[in-house]
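Once you know that position 159 of the sequence shown is 159 in UniProt numbering, the rest is easy, because the numbers rise by one and skip nothing. Ideal Cβ placement from N, Cα and C applies to all residues, glycine included. Here's the structure, in C-alpha cells; my notes come after.
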Amino acid sequence: MSEMKLRRLDLTLLLVLDEALRHRKLAEVANRLGLSAPAVSHALARLRDIFDDPLFIRRPGGVEPTPRCLELAPLVASLLGLAREAVAPPQPFDPATSDRIFRLTGLDYEASRFGPPLLARFAAAGHGLRLSFRPHARDAAMTALAEGEADVALGFFPRRPAGIATRRLYEETYLVAGSPDHPRLRRRRSIDLALYCALDHVLVSVSGGLEGTVDAALARQGLKRRVVAAMPSFLPALAAVAASPTIVTMPRRVVENYAPRFGLRAFAPPLPIRPFVLSAAWHERQAGDPGLRWLLAQVEAAAEEVAR
Numbered sequence: 001m002s003e004m005k006l007r008r009l010d011l012t013l014l015l016v017l018d019e020a021l022r023h024r025k026l027a028e029v030a031n032r033l034g035l036s037a038p039a040v041s042h043a044l045a046r047l048r049d050i051f052d053d054p055l056f057i058r059r060p061g062g063v064e065p066t067p068r069c070l071e072l073a074p075l076v077a078s079l080l081g082l083a084r085e086a087v088a089p090p091q092p093f094d095p096a097t098s099d100r101i102f103r104l105t106g107l108d109y110e111a112s113r114f115g116p117p118l119l120a121r122f123a124a125a126g127h128g129l130r131l132s133f134r135p136h137a138r139d140a141a142m143t144a145l146a147e148g149e150a151d152v153a154l155g156f157f158p159r160r161p162a163g164i165a166t167r168r169l170y171e172e173t174y175l176v177a178g179s180p181d182h183p184r185l186r187r188r189r190s191i192d193l194a195l196y197c198a199l200d201h202v203l204v205s206v207s208g209g210l211e212g213t214v215d216a217a218l219a220r221q222g223l224k225r226r227v228v229a230a231m232p233s234f235l236p237a238l239a240a241v242a243a244s245p246t247i248v249t250m251p252r253r254v255v256e257n258y259a260p261r262f263g264l265r266a267f268a269p270p271l272p273i274r275p276f277v278l279s280a281a282w283h284e285r286q287a288g289d290p291g292l293r294w295l296l297a298q299v300e301a302a303a304e305e306v307a308r
C-alpha cells in the first residue's frame, strides 16, 4: 500500500471492514457501530478504492467477502486489537501477584535509609516483588530516569531537568562524628568553631573532591578547614574516622544510626550548615503507571519511618 493510500485509512474504516467480515450484513454493521446505512456504504466504497478490490459481493441476505478481503481479515483484526490495547485504561497494579523489579537509584545514604523499610514493605505486599538499588550521583540519576534505567531516584535535587517530577520527602541536617579516643575530643561535650577548623577532616565525596557543603559554609565566614581524605560513601568515612585522629560531618540520621557501631561520638556542628531536602524523582512519562504510583506511596511511607 502506498503512503498516500495509508493516509486515507483510518480506524473507523477498519472497524467497518471487520464488522462486515464478521456479520456479512451491512444493516447489522450499521447498527453495531452506530452508523447510518449510507455511512457504511460510503466507508466500504473508500475501502474498495484504497485496496483496489471489490472486497464484498452482494448476495441474497447479505454480502460475501472476496478472496482479497479474506486475506485482509487477520491483519485487520490484529491492527484493531493493538488499537484497543492502546486506548484501554492501564491495568491496576496488584503487588500480591506482580513479579515486577522496581529500580531505584541513589547513594549509600538513600540505600541504607530506604532499603530496609522498602524491602519489608515489599515482603509484606507480595513475594514476587523485587528491589534493585543502583548507585548513581545526582546527574547520573537524572540520566538514568531519562533513559528508562531507573523508576525512582532518591536524593537531593536542587535543580531538575525538563520532564523530571519530584516529591519532597523530608529535610536532613548535619552532625559531626569523632572518636572518644581523639586526643583533642576527650571529655568534650561540644566542639567550638576554632577547634573544628583546627582538626583534620574526612569528607564524603563521590567525585573524590576535597571540598563540599561545609567548606562553602566556612568560606562564608572567611574560614577554612583541612580535609585529609575523601571517601566515596558514608560507612568507609566512619571507619576512617574510627581509625584515625579525624572527624567527619555528615547527615544527622547517618551519624545517629551508624556512628555508635564504630564507637564514635556525635557532636553538634559549631556553624550553621544549610539543611538539604531529600526528594523522590521520576520521569513524567511514567506518571500514568499504576506500579510507579504504588512504589511512590511505599517510598513516602518509608520516608515517614526514616524521618522519625
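Query                                                                                                                                                                    : Result
Out of Ala37, Leu55, Val76, point me to the one whose CA is closest to Leu11's CA.                                                                                       : Val76
Quick one: what's Pro251 bridged to in DSSP?                                                                                                                             : Tyr174
Would DSSP call Val206 helix, strand or coil?                                                                                                                            : coil
Alpha carbon to alpha carbon, what distance is there between Arg7 and Val87?                                                                                             : 20 Å
Sort Pro245, Leu72, Ser2 by Cα distance to Arg22 and report the nearest one.                                                                                             : Leu72
For Leu238, count neighbouring C-beta atoms within 10 Å of its own C-beta (all shown protein chains included) and say buried if the count is 16 or more, exposed if not. : buried
Report back the beta-carbon spacing between Phe234 and Val204 to the nearest angstrom; my notes put them in contact at under 8 Å.                                        : 6 Å
Assign Ile101 to one of two classes, buried (16 or more other C-beta atoms within 10 Å of its C-beta) or exposed (fewer than that).                                      : exposed
Alpha carbons only, please: which of Lys5, Ser78, Leu131 is nearest the one belonging to Gly106?                                                                         : Leu131
Hey, out of Pro60, Arg225, Leu55, whose CA is closest to Leu271's CA?                                                                                                    : Arg225
The alpha helix (DSSP H) with Pro65 in it runs from where to where?                                                                                                      : Here Pro65 belongs to no alpha helix (DSSP H); instead the beta strand (DSSP E) covers 62 to 65.
Whose C-alpha, out of Pro161, Ala165, Thr246, is nearest the C-alpha of Asp151?                                                                                          : Ala165
Please state the DSSP three-state secondary structure of Ser41.                                                                                                          : helix
Report the three-state DSSP secondary structure of Ile273 (helix, strand or coil).                                                                                       : coil
Mind the definition here: the segment 188 to 203 touches the segment 259 to 270 only if three or more C-beta pairs lie below 8 Å; say whether that holds.                : yes
Secondary structure at His136, three-state DSSP: helix, strand or coil?                                                                                                  : coil
Count the other CB atoms within 10 Å of the CB of Ser78; is the residue buried (16 or more) or exposed (fewer)?                                                          : exposed
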